[in-house]
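Mapping the sequence shown onto UniProt numbering, position 70 (from 1) lands on 70, and the numbers just tick up by one.
All residues carry an ideal CB built from backbone N, CA and C; glycine is no exception.
See below for the structure under consideration.
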Amino acid sequence: MPSPPPRRWSGLLFALALVTLVGASFASLPLHLSALFSLDAAASVAEFLAGFAPPELGTGFLAKTAMATAETLSMSALGTLLAVLAGLLLAIPAAGRFGPVARGAVRALLNVLRSIPELVWASVLLIAAGLGPFPGTLALAAHTAGVLGRLFADALENAPALPEQSLRTNGASPLAAFFYATLPQTLPQMLSYALYRWENNIRAAAVLGVVGAGGLGQMLKYHLSLFQMPKAATVILAMLLLVALVDAASFGLRRLLTR
């Protein structure tokens, strides 16, 4: 029998450090679980939820909600499209196509873009662009470009190099070899990443409205601040319906593109 492989203690030490960190988090945070599961808390939650019923179903308010839903959908779609274009452009140098210096610089930029949450981007861009869906769209595009750029770059780096090398050996230019060999291999994976991020951006666009970026989130904040619970319930139902429809459409597109 061959000798057993040498034991690596780094993985065990990392697991112990992770367990210690989780235990320290529970010990340091003031978690009032008894108050959360008390009868008073349950009664307060039940009374709060009862205020949402029945939802507002007036024709005028439903039309206003439909417009806000279309605005939220447009924000997410346009923000994702801009992020896909920017992410693909940044992924090429981030994958090492222009040398290690450009790779490190662009990856650092991608880290900055995706490290800043959408709400922070929206808060900054609201100062520059004012209230409305435009800064929300830019906030979605900025954060998602950082995420997709990193994912696209990893996909390009992990793609098999032999097809592109074969084209280069037979006289193809570097650009032609990239577009005819490497990009077609990674395109289905990139499309899957883009559709998944579109699903996430639908939820994020609804939340961005809370800071004044338009759409359903802005309506929800307005009606909750006035304690108009039936109208807030209608907005929440519109959010759930929009997310469900986009999830279904994205799932169908992924199935169609990956056959």
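Beta-carbon proximity list for residue i, same chain, < 7 Å, skipping 5 on both sides
{"i": "R203", "result": "V243"}
{"i": "L125", "result": "P135, L138, A139"}
{"i": "E118", "result": "A139, L140, H143, A204, L208"}
Alpha carbon of residue i to alpha carbon of residue j, nearest angstrom
{"i": "L224", "j": "F61", "result": "15 Å"}
{"i": "T144", "j": "A176", "result": "28 Å"}
{"i": "L81", "j": "L216", "result": "20 Å"}
{"i": "S115", "j": "S3", "result": "45 Å"}
{"i": "W9", "j": "V19", "result": "15 Å"}
{"i": "A42", "j": "G23", "result": "28 Å"}
{"i": "I92", "j": "P6", "result": "39 Å"}
{"i": "S123", "j": "M75", "result": "16 Å"}
{"i": "L191", "j": "A50", "result": "42 Å"}
Opening and closing residue of the alpha helix (DSSP H) in which residue i lies
{"i": "I92", "result": "59–94"}
{"i": "P163", "result": "162–169"}
{"i": "A181", "result": "Here A181 belongs to no alpha helix (DSSP H), and DSSP marks it neither H nor E."}
{"i": "Q218", "result": "215–225"}
{"i": "L148", "result": "133–158"}
{"i": "A42", "result": "39–50"}
{"i": "P100", "result": "100–115"}
{"i": "S34", "result": "33–36"}
Spatial neighbours of residue i in its chain, beta-carbon cut-off 6 Å, leaving aside the 5 residues before and after
{"i": "G132", "result": "G214"}
{"i": "E157", "result": "A95"}
{"i": "R150", "result": "L110"}
{"i": "A86", "result": "A145"}
Residues near residue i in its chain [Cβ-Cβ closer than 8 Å; skip 5 each side]
{"i": "L220", "result": "A206, G209, V210, A232, V235, I236, M239"}
{"i": "residue 267", "result": "The chain is shown only over 1 to 259; residue 267 falls outside these bounds and no answer can be derived."}
Beta carbon of residue i nearer than 8 Å to that of residue j
{"i": "F152", "j": "E164", "result": "no"}
{"i": "V246", "j": "R197", "result": "no"}
{"i": "Q189", "j": "A161", "result": "no"}
Notebook entry, point to check: Are there three or more Cβ pairs, one per stretch, closer than 8 Å when the region 105–118 is compared with the region 168–181?
Noted result: no
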